[in-house]
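This report concerns only the one structure given below.
Residue numbers (UniProt numbering): 1 to 521.
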């Protein structure tokens, strides 16, 4: 009896401590917001302000919008960001309970806390959305604010006759996408989207606005491309563009019986991408909770003249399909809007990611595991539910692009000798009451997928975790930690060098302590 009573007292004390900590954080954040509004009228909005509500509604995943910061900061210029960061730093207290803040550029990440938080401050960069093209006879680049959406970028560039390597979904924000590396349909031609970035404007913890490129602050510049928000607040990017060309797209739907052959061709494509780097392929395996049906849809794109019989498209068209869209000319705008239609905002979202070596048998086993998991009756509960597994080749031209063009990034993949397959599993649903069942299901499924890939005689699980797809709690820098432990290639010091850069550019550890960042180095 005494033991039970002691346990109850301990539990009560723990709950009381947690409540007190939450209350203290709320009060500290409210105090900081009140201080900021005095110095920055018009740049601080509170829950009763219409702009606060409008910005909360801009999140792609509605569960991100469930977090309610004490205030949102709405800078319009890089100078505003500098002043706000300087003021936030000046409000620090001596204890470890300083006010936390989150950064939102497009607000498209699904990881908890990635772009919004309770009992803190959200720095909303959507107002930094300028777009300007700098074009000469020999070179063209575009300068884009971190808060711009990729649809806006494409619509701006198309009448000007140039293209850029960017996101496939219209509402994705520029900043977070590029800081995570960025995968585009042009990956085999232009590498990660971050690889075509020529300069990044960054606000440091002391408020300094710094310009980084391949000659000025080159180490920091490389670390920013894949390193997320660990070093400062990116406010502007300059990206190399290329002359506009015809863009062709086709969608093919397959039955389950054709999946072994389809995956065999997908892995063959991954090995042969150097033959036709203008072609991209990815496979979506989708589950609809309303019908309990699994669908397999392949998206093919090709840049340049219409793909002929010798292109890498041909083998996929020789597989019997349930349906085929006409091979048609399209544009980045049209493609991004189509992808937005298929990935609409307003739902509760969760996503996990992992990477495997290029093996068709394993991919088939993973596809079957996904299908059987989603068709489990325990998931067929009231309310809208859909889930999908995205299968994307990481080709050698893609992963080697930066190194072969004298550039660097923080992805750690430029020493790979064989193509890889990047997978993401995501679910979307409507009801808040289902917030536990679907993320829990994905976490369990992720563990099973990784165990399956590890159980092979020749283990096929790869340590790379793509930060833009990762869930909170996944190690987005697992590959770099693996390389550090095992001394692999020239990247074995990359993680320590990044930490040295963080100490150099943020000597007080402001961003490490104060930024609500699920993916710290």
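Heads up, the beta-carbon is just placed ideally off N, CA and C, and yes, glycines get one too.
Take the alpha-carbon of residue 121 and the one of residue 67: they are about 11 Å apart. Sorting 185, 106, 235 by C-alpha distance to the C-alpha of residue 333 places 185 at the top.
Of the other Cβ atoms in all chains shown, 16 or more fall within 10 Å of the Cβ of residue 428; this residue is therefore buried.
Your pair residue 298 and residue 275 does not check out as a contact, with CB atoms roughly 18 Å apart and the cut at 8 Å. Taking all protein chains shown into account, residue 314 has fewer than 16 neighbouring C-beta atoms within 10 Å of its C-beta and is therefore exposed. Closest option to residue 351, judged by alpha-carbon separation, among 26, 114, 327, 500: 114. By the beta-carbon neighbour count (other beta carbons within 10 angstroms, threshold 16), residue 217 is buried. Counting every other CB atom within 10 Å of its CB across the protein chains shown gives residue 28 a total of 16 or more, marking it as buried. The residues 230, 512, in chain order, have a CB closer than 8 Å to that of residue 520 in the same chain once the five nearest residues on each side in sequence are set aside. Annotation for residue 111: 470, 471, 472, 518 place their beta carbon closer than 7 Å to its own, counting only its chain and skipping 5 residues before and after. Selection 341, 345, 159, 307 evaluated against residue 327 yields 307 as nearest (Cα-Cα). The continuous beta strand (DSSP E) containing residue 131 extends over residues 131 to 135. Per the DSSP secondary-structure output, residue 279 pairs in a beta bridge with 302.
Straight-line measurement puts the Cα of residue 91 at about 58 Å from the Cα of residue 254. Looking at the DSSP output, residue 392 bridges to 422. For residue 314, the enclosing alpha helix (DSSP H) has its first and last residue at 314 to 317. In the structure shown, residue 69 falls within a coil segment according to DSSP collapsed to helix, strand and coil. Ranked by Cα distance from residue 256, the options 243, 320, 311, 270 are led by 320.
Contact between residue 495 and residue 477 holds, since their C-beta atoms are separated by about 6 Å, short of 8 Å.
Bounds of the beta strand (DSSP E) holding residue 101 are 101 to 104. Straight-line spacing of the CA atoms in residue 481 and residue 32 works out to 36 Å.
Counting only runs of at least 3 residues, the region 335 to 362 fully encloses the following beta strand (DSSP E) elements, listed from N- to C-terminal order: 348 to 357. Bridge partners of residue 284 according to DSSP: 297, 390. Under the three-pair Cβ rule at 8 Å, the region 395 to 414 counts as touching the region 221 to 228. Of the residues 165, 453, 430, 172, the one whose Cα lies closest to the Cα of residue 398 is 165.
Pairing residue 423 with residue 390 gives a Cβ-Cβ distance under 9 Å. Fully contained in the region 24 to 82 are the following beta strand (DSSP E) runs of length 3 or more, in chain order: 71 to 73.
Only residues of its own chain outside the window of five on either side were considered, and among them 162, 241 have a CB closer than 6 Å to the CB of residue 140, listed in chain order. Burial state of residue 445 is buried, judged by a 10 Å Cβ sphere holding 16 or more other Cβ atoms.
Burial is judged here by how many other beta carbons sit within 10 angstroms of a residue's own beta carbon; residue 266 has at least 16 and is buried. Sequence-distant Cβ neighbours of residue 100 in its own chain, meaning closer than 7 Å and more than five residues away, are 117, 120, 514, 516.
Residue nearest to residue 279 within the set 263, 292, 248 is 248 (criterion: CA-CA distance). Between residue 151 and residue 142 a beta carbon distance of about 14 Å is seen, past the 8 Å cut, so the two are scored as non-contacting. For residue 248, the secondary structure class from DSSP, reduced to helix, strand or coil, is strand. Contact between residue 146 and residue 273 is ruled out by a C-beta separation of about 31 Å, above the 8 Å threshold. The C-beta distance from residue 505 to residue 430 rounds to 42 Å, too long to fall under 8 Å, and the pair is not in contact.
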